[in-house]
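FYI, the numbering for the sequence shown is 1 to 82, going by the numbering used here. Ideal Cβ positions, reconstructed from N, Cα and C, are used throughout, including at glycine. Okay, structure first, notes after.
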Amino acid sequence: MQTPLRNMRVKKELKITDVAHAVNCDPGYLSRVERGVHTASPELAEKLSRFYSGEITELQILYPKRYARASESQPPNINQSL
């Protein structure tokens with residue numbers, strides 16, 4: 001699953017270590033949050049949202065499955081001609 005948090009970092013062409021350092025977080029833990037393995041604390045979500053200047057919300061960080069790309073959560077569109 002591509003989380004909104006990971007998508008934002010990749011879009012900004014940032015290294016995970018740089019983001020982790022900026023928000024005072026372990027890079028390994030941040031990686032697990034980005035992959036959806038762990039849930040960010042509300043405090044970390046707030047720091048990350050501020051780091052990205054509000055381009056990603058705390059809710060998107062705390063509940064990544066709700067905000068995952070639509071193409072990942074929906075079945076493929078199959079055209080059936082009758």
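Item to complete: Return yes when at least one heavy atom of the ligand NAD lies under 8 Å from the C-beta of CYS25, else no.
Response: No copy of the ligand NAD occurs in the structure displayed, which carries no ligand at all.
Discussion item. Counting C-beta neighbours from all protein chains within 10 Å, is the total for SER53 16 or more, i.e. buried, or is it exposed?
Written reply: exposed
Item to complete: Let me know the beta strand (DSSP E) ranges lying completely inside the region 1-58, each 3 residues or longer, listed in chain order.
Response: none
Worksheet entry | 8 Å contact criterion, which LEU44 and VAL23 should meet: CB distance rounded | 7 Å
Worksheet item: Just how far apart, CA to CA, sit THR57 and GLU34?
Response: 14 Å
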